[in-house]
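Asker: Chains as they are written, first to last, in the numbering used here: chain A, 1 to 407; chain B, 1 to 407.
Don't be surprised by glycine CBs; every beta carbon is placed ideally from N, CA and C.
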């Protein structure tokens, strides 16, 4: 049961983009026709492109090829092809060949050149990539291309995700309305078998690739890099951002601040959906760190708290066990001074300047930790910087999913 | 059910030391007379002393006072007093007062000066320290002092430990036999409520404090700092090492290599017992990293693998999920080159130079991962350094213990 207390709103079409999907039985021939497992996003004009990739030293071939395409053809990207069901990773020398073949197939059905295509794969690793099965039915993706097809793309990249993830946002500059629409997948920083966090975001806002890249890198930090389900990062993690605006002949946006804000909103929404669908997650917790010397210090501390198994099991048990929280704070690299640390859960002040607050009672903290969603505020009193990190709890279901996945 | 497939051997007495215990009802008055919760180790002569402490920024007052005593009176220590049931941590300004009062009580019953006493506390945090209850019955510890009482001390410092932990080793230099005996506690790098990893080691080997400290720091790295149950480190972690030999008038040992080797053996045994008794642990896994540029790199990588929840749930599920292991390797800070990485489980070669070994079959890996104990060997092909780390699996029982501890 994911922690999703609301209904997602249908994503908006983005001028210049069409989306399609196919059912190729990537994971197993039995699934052919039963679930969509190929997503195709086609830009009808050359798109400006940006990307962020996994920092894991083991990177799948699709990540290497995607990085190369972004580096060499960043103002001339025409398609993204992605599959679920097989990560095409850890399979030795064929990995790069298969990754290129998937790109070639994508170029073929999109009617563009292979160098204009980005790819992403997610699913089980260490198994041969079924390129021939994909070749046989990839045509469906072309036939289904439509502006209004984003939900199908979100469905097609799901692995253990329990729901399809998407978000849209419109903003206005000088009387003209622009759209940002994105899809994501992932139900952990990493899934069973290293399936992956993916995000594909498209916009018609006319912004050149270098500015897109600068903003995506910044925004990824406060969104996709600020979530944690289990602290692990996969080999295939990828976020692509494409803009059709300049290709459509729009004038370049001079002021990009409204775009950046909308992009951040979409990216945070897509990232939070991953936590809400986290394996075994029942609680959605925002960890807000304030009083840090700089933002990176705040984020690192937030992540240290967010990945601690003892903190996450305390969340699971609705146990306002602040002792574990100060333990996690004390374990961070930040130059923590205990007498400056304050901790608050929603509006309940627990620790003030290193001492238990005189009005605090266990029952008050317990009432907050029992909620399905709450915010944990940690102030370390060293400076003015802050950051937010989102995480879930660590439950029996996580063990269930991960200890019993292949057996 | 701890993973302890053998019976511990009774620890040997150490010339110059007597050990006692008392039942003071530290955690609750109801427990008075029912379980031992104060351990007292008395050196009959001034002991040379060394210590290693937690690196957590939140440190309990007993750690601060212990560090000060070691710094100022390292050649003149006469006693260790330790209690279970209350960590005397996170209680504000009284913490230091109570920590000093415990030391004063220890000095009183041992008949030595307060500056000669080291202390350690473990148990729940955030609760007033019951110094008056301790004062009322601490006399029992004095009355029970005996050379042969090490098991009682090991029993008295238990919190959630399911068995008492101790180890001894004798070695010979120039025809004379010396003894090292130690006790430890902990069933995680941290317990519920931040109770603690503690180790107290005594020897009659005549070695001055500065050499003891040098060897203890080195040995702690390959023993207590090389275990991981859940990756968390508590506020109270402490290892004390005392030597009576010089106080007994023995000639200083010129060659300390036999001592260092024996100390390492005892420390590793004591550390491994903590993993074997880890919360919810059913598997005991040795992670051996070879081919690193230096030992620290090897150890850090070993710990990265050992703390990954996905790796630990794979252990729990007897699932030879090597994908998760390469994911964890790739997430380390070491400059990993995937094509140089090899992975072996006991004698089964899984990955060789970044490629799945042609003879490898899932069933072979599964057979190793199903064992109660096995060794995972990871070679990263960058250099000649190596390190070993010991860890357990992550099971439902861990969640049970930690999500439901206070509720």
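(1) Does any C-beta atom of chain A lie closer than 7 Å to the C-beta of residue 238 of chain B?
(2) Going by the beta-carbon positions, is the gap between residue 142 of chain B and residue 173 of chain B smaller than 7 Å?
(3) Do the segment 363 to 378 of chain B and the segment 354 to 372 of chain A meet, that is, are 3 or more Cβ pairs less than 8 Å apart?
(4) Using a Cβ-Cβ distance cut-off of 7 Å, determine whether residue 141 of chain A contacts chain B.
(5) Verify whether the separation of the beta carbon atoms of residue 305 of chain A and residue 322 of chain A is less than 7 Å.
(6) Rounding to the nearest angstrom, what Cα-Cα distance links residue 391 of chain B and residue 339 of chain B in this structure?
(7) Let me see if you follow: with CB-CB separation under 7 Å, is residue 247 of chain A close to chain B or not?
(8) Provide the residue(s) that pair with residue 390 of chain B in DSSP beta bridges, ordered along the chain.
(9) Looking at the secondary structure, which residues open and close the beta strand (DSSP E) in which residue 21 of chain A lies?
(10) Measuring only between beta-carbons, confirm whether residue 58 of chain B sits less than 7 Å from chain A.
(11) Between the C-alpha atoms of residue 398 of chain A and residue 278 of chain A, what's the straight-line distance to the nearest angstrom?
(12) By a C-beta neighbour count over all protein chains shown, 10 Å radius and 16 as the cutoff for buried, is residue 16 of chain B buried or exposed?
(13) Which of the three DSSP states is assigned to residue 97 of chain B in this structure?
(14) Beta-carbon of residue 25 of chain B versus every beta-carbon of chain A: anything under 7 Å?
(15) Between the segment 331 to 349 of chain B and chain A, which residues of the former have CB atoms less than 9 Å from a CB of the latter, in chain order?
(16) Measuring CA to CA, which of A:386, A:333 and A:265 is closest to residue 287 of chain A?
(17) Taking any Cβ of chain A, which residues in the segment 308 to 332 of chain B have a Cβ under 8 Å from it, in chain order?
(18) Could you give the distance in angstroms between the alpha-carbon of residue 43 of chain B and the alpha-carbon of residue 207 of chain B?
(19) Listing by chain order, which chain B residues have their CB less than 8 Å from the CB of residue 235 of chain A?
(20) In the segment 267 to 315 of chain A, which residue ranges form an unbroken alpha helix (DSSP H) of at least 4 residues, counting only runs that do not cross its ends?
(21) If you run the structure through DSSP and keep just helix, strand and coil, what is residue 257 of chain B?
(22) Mark residue 290 of chain A as exposed unless 16 or more other C-beta atoms lie within 10 angstroms of its C-beta, in which case mark it buried.
(23) Apply the 10 Å Cβ neighbour rule to residue 162 of chain A and answer buried if 16 or more other Cβ atoms are within range, or exposed otherwise.
(24) With respect to the beta strand (DSSP E) encompassing residue 182 of chain B, which residues constitute its N-terminal and C-terminal limits?
(25) Beta-carbon of residue 403 of chain B versus every beta-carbon of chain A: anything under 7 Å?
(26) In whole angstroms, what is the alpha-carbon distance linking residue 375 of chain A and residue 332 of chain A?
(27) Can you have a look at residue 319 of chain B and say buried or exposed, based on whether 16 or more other CB atoms are within 10 angstroms of its CB?
(28) Which bits of chain A does residue 396 of chain B rub up against, with CB to CB less than 9 Å?
(29) Determine the burial state of residue 76 of chain B: buried for a count of at least 16 other Cβ atoms within 10 Å of its Cβ, exposed for fewer.
(30) Cβ closer than 8 Å: which chain B residues qualify as neighbours of residue 355 of chain A?
(31) Could you tell me which of A:246, A:3 and A:175 sits nearest to residue 203 of chain A, measuring between CA atoms?
(32) What does residue 427 of chain B pair with, by DSSP beta-bridge criteria?
(33) Could you check the C-alpha separation between residue 273 of chain B and residue 4 of chain B for me, to the nearest Å?
(34) Leaving out five residues before and five after residue 336 of chain B in sequence, what residues of the same chain have Cβ atoms less than 7 Å from its Cβ?
(35) Take the Cβ of residue 193 of chain A as the centre, count every other Cβ of all protein chains shown within 10 Å, and call the residue buried at 16 or more, exposed below.
(36) Using a C-beta cutoff of 7 Å, does residue 85 of chain B count as contacting chain A?
Answerer: Checking against the coordinates, here is how it stands:
(1) no
(2) No, the pair does not count as a contact, with Cβ atoms beyond the cut-off.
(3) no
(4) No, residue 141 of chain A does not count as interfacial toward chain B.
(5) Between residue 305 of chain A and residue 322 of chain A, the C-beta gap is not smaller than 7 Å, which leaves the two residues out of contact.
(6) 26 Å
(7) Chain B places no beta carbon closer than 7 Å to that of residue 247 of chain A, leaving this residue out of the contacts.
(8) B:227 and B:286
(9) Looking at the DSSP string, the run of the beta strand (DSSP E) that includes residue 21 of chain A is 17 to 22.
(10) yes
(11) 9 Å
(12) buried
(13) helix
(14) no
(15) Answer in chain order: 331, 332, 334, 335, 336, 337, 338 and 341.
(16) A:386
(17) 308, 309, 310, 313, 314, 316, 317, 318, 319, 321, 322, 323, 324, 326, 327, 328, 329, 330, 331 and 332
(18) Straight-line Cα distance between these residues: approximately 15 Å.
(19) Those within 8 Å of residue 235 of chain A in chain B are 326, 327 and 330.
(20) 295 to 307
(21) Residue 257 of chain B falls in the helix class under three-state DSSP.
(22) buried
(23) exposed
(24) 176 to 185
(25) yes
(26) 20 Å
(27) buried
(28) Those are 396, 399, 400 and 403, listed as they occur along chain A.
(29) buried
(30) 92 and 93
(31) It is A:246.
(32) Nothing about residue 427 of chain B can be reported from this structure: the residues present for chain B run from 1 to 407 only.
(33) 8 Å
(34) 329, 330 and 380
(35) Unreliable placement is indicated for residue 193 of chain A, whose pLDDT of 39 sits below 50; the coordinate value is still reported in the next sentence. Classification for residue 193 of chain A: buried.
(36) no
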